[in-house]
Amino acid sequence: MGVDIESGSPEGGNARYSLVVIKCGGPLVYKAESSSLARLIRVAWDYRPRRLGVDNVYELGGDERRLSKVLSLLPPDLEVFQVTLVDGVFLDVREVARRAGIVEDFSKMNPLRTSFVTAMLACMGYGTSVRSVEEKTVVYVSKLRSHSSGGWSQQRYQRRVRAAIYNVATSIKEALDRMGLDYDYYYKESRGGLESAIFTVYAPRDVVRSLVKEVRGPDYIVKVKPVYRSRLLMAARGESFQSKPLIVGVDPGVTTGVALVDLEGRILHVTSIRAADRGSIVELISRYGKPVVVSVDVSEVPESVRKLATQLGASIYTPPHDLSVVEKRDLVERFAGEVKLRDSHERDALAAAYRAYLSLREKLESVEEKLRDMGAEVDREEVKRWVLEGLSLAEALERALEKAIEDVGSKRGEARREGRRVQQVDVTEYIVEIERLKAQRDSLEARVRELEESLKDYERRLRDMHSSIKVEIARDAEIARLKSRVEVLEREVDRLRVEKEKLEEELARVAKTITLVSSGELIVARRISILTVRNLRRDEGVKTWDVVVVDNANMFEIEAVGELAKMGVKAVLLQDVSSPLANALRERLIPALDVKHYKVDEINGVC
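Numbering-wise (the numbering used here), the sequence shown opens with residue 2 and increments by one.
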């Protein structure tokens, strides 16, 4: 079934729709224009289609509440698809139709034809299902609003209530743990126990109610309430979810503070949310970017923050000691500037984020400096994010360069699909090989720079250790240990220096080879140990212009000689030009040349 709005608005109740029902890959079954929402729902029940396609799901409801109601009135097995949401990216319905190859003339896209197109796209699986529902259940434990009675003093009564709430919350936690349910647990502590507790359980209400019963006792109350929320409703509204790397500060509790800071230390967002569940926090963060680090202001990570970081795929930063109120105020005053904070939860979250940023700033500035020196045209934020995730700078650069190359390749592929094909001369494949060797050279140069930095660092540490040994009075055992460590570092320095020299030699060879290939003094060849059909088919590098070097001329398959002839190989270099393999090659009119008469250099398997 396909639907497109013609006029009116869902909020006003006067919306009119074009409707189409088709058999996937078959004929048109039903069509109608100027249909009401009630008629749309009735047609869905009459024909019971497998999928319903729409270009904007909010055309059915207007807002989240109305949309949830409309979805609940449709057949339960009907899958609603927003065909314009493809792989998390919002596209125009005409662009999706063009990709699917079902529309050529876009000038005639009236509502009825659009509904037909959305039905076809839903049949073909384009778009994203917006019917997926995430069920959560919230359990509240709180005191009754009553006064002390029976002769109890007010303080003793309050302690009794807090102890009772603590015991009930503990028993609920144990029951959820026994069932292995995922949940967030927030509580407000007070003298003698808890003032209140909130559990957000990621399970349907009937599952939770089988473990937790609603209770109204003399001192406290336990409530169990379901929360229904479409997992894709927020995405369907067109909100952008970015990939900007973030540092997230969290102050968990009944009221949760969240602060988002980028890798430059700029504040992107600070807020505090009461009774926030993990899903809403993740959704909030995702609007601003992708977390690299989640931080707190205490040395021991709260369990709720550990779960949040796991869901976000981020590492966790904790300070070496719990931050005092004075330290948190100082951090906020130094970095917040004119940003106004509403409460202590926002302050604590922002202080945690800035403490994490300060611990990473030296590494981030070092990466920025190296990128600036290299002048590499790569996504700097992505490189920083990969370095913070554990990659070395060289590995992060290689990944960024590979991504840039892939982007260029995809753009060229798109240009070819659009008919903008460029005729290439025969030398194109040689140029590609040269470019590959140049890329290898650049990678080796980056590795050399990294080794030089490591060498400087080890030399600095070595000098520091020598100075420390001279100025400090240490016991003989400690001095011996330090000397041993110095020797290890010296050996490491020597090893790195040798490796650096080898890389420089290899780099010089690569540069010289590139020059000779470019000038035509050298040609690119492929080496094969034994000439067999399997080896030929496994070595995808053999092409019609190749020269092949065969190491073992005593063993070969005659079928492989035929394969070489089909490939149009120009010559084969052998150790023994009088061998049976040489004769077989000549019978196929393939020159068999003596390898001793040629200079053969090998770089990473390429001769």
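The C-beta atom is built at its ideal place from N, Cα and C for all residues, glycine as well.
Bear in mind the structure is a predicted one, so any value in this text is a computation, not a measurement.
Contact set for residue i: own chain, Cβ-Cβ below 6 angstroms, skip 5 residues either direction
i	result
residue 309	279
residue 78	none
residue 223	142, 215, 216
residue 94	56, 85
residue 325	none
residue 71	61, 62
residue 333	348, 351, 352
residue 253	303, 305, 306
residue 274	257
Rounded Cβ spacing between residue i and residue j (contact assumed at less than 8 angstroms)
i	j	result
residue 447	residue 508	Actually they do not touch by this definition, with Cβ atoms about 11 angstroms apart.
residue 517	residue 557	So it is not a contact: roughly 30 angstroms between Cβ atoms.
residue 166	residue 221	5 angstroms
residue 246	residue 382	5 angstroms
residue 103	residue 75	No, residue 103 and residue 75 are not in contact; Cβ-Cβ is about 25 angstroms, not under 8 angstroms.
residue 195	residue 170	6 angstroms
residue 127	residue 87	6 angstroms
residue 286	residue 313	7 angstroms
residue 356	residue 296	6 angstroms
residue 80	residue 51	7 angstroms
residue 601	residue 550	6 angstroms
Chain B within 8 angstroms of residue i, Cβ atoms only
i	result
residue 252	In the displayed structure, chain B is absent; only one protein chain is listed.
Sheet register partners of residue i (DSSP bridge)
i	result
residue 141	199, 224
residue 117	According to DSSP, which records beta bridges pairwise, residue 117 is partnered with nothing at all.
residue 83	55, 129
residue 186	200
residue 259	251, 272
residue 17	8
residue 526	548
residue 398	None, per the DSSP bridge assignment.
residue 191	194
residue 531	553
residue 338	In the DSSP output, where bridge partners are listed per residue, residue 338 has none listed.
Beta-carbon proximity list for residue i, same chain, < 7 angstroms, skipping 5 on both sides
i	result
residue 380	401
residue 300	319, 320, 321, 322, 323
residue 16	6, 9, 10, 38
residue 239	Only weak support is given to the placement of residue 239: the predicted model assigns it a pLDDT of 45, under 50, and the question is left unresolved by the model.
residue 395	447, 448, 451
residue 387	397, 400
residue 225	138, 140, 206, 209, 210, 213, 215
Proximity to residue i [Cα-Cα], best of the options
i	options	result
residue 92	36, 333, 533, 129	129
residue 302	251, 257, 179	251
residue 481	522, 470, 330	470
residue 27	329, 100, 461, 124	124
residue 228	191, 139, 74, 367	139
residue 581	554, 600, 560	554
residue 346	567, 164, 24, 260	260
residue 590	566, 13, 403	566
residue 457	592, 494, 489	494
residue 270	334, 354, 463	354
residue 131	69, 294, 375	69
residue 47	22, 316, 14	22
residue 547	327, 173, 335, 523	523
residue 282	265, 264, 256	256
residue 463	369, 444, 490, 454	490
residue 599	393, 100, 164, 526	526
residue 510	479, 559, 445	445
residue 14	266, 64, 33	64
Enclosing alpha helix (DSSP H) for residue i [first to last residue]
i	result
residue 310	304-313
residue 250	Run containing residue 250: none in the alpha helix (DSSP H); it sits in the beta strand (DSSP E), 246-252.
residue 587	581-588
residue 72	65-74
residue 34	No alpha helix (DSSP H) holds residue 34; the beta strand (DSSP E) holding it covers 29-36.
residue 575	Here residue 575 belongs to no alpha helix (DSSP H); instead the beta strand (DSSP E) covers 572-575.
residue 360	345-375
residue 172	155-180
residue 389	381-389
residue 98	94-101
Beta-carbon proximity list for residue i, same chain, < 8 angstroms, skipping 5 on both sides
i	result
residue 452	497, 500, 501, 504
residue 486	466
residue 594	572, 573, 574, 575, 578
residue 592	571, 572, 573, 586
residue 31	20, 21, 22, 44, 48
Boundaries (first-last residue) of the beta strand (DSSP E) holding residue i
i	result
residue 549	548-557
residue 289	It is not in any beta strand (DSSP E) - residue 289 carries neither H nor E in the DSSP assignment.
residue 515	Counting along the chain, residue 515 falls outside any beta strand (DSSP E), though it belongs to the alpha helix (DSSP H) covering 477-520.
residue 595	593-595
residue 318	316-318
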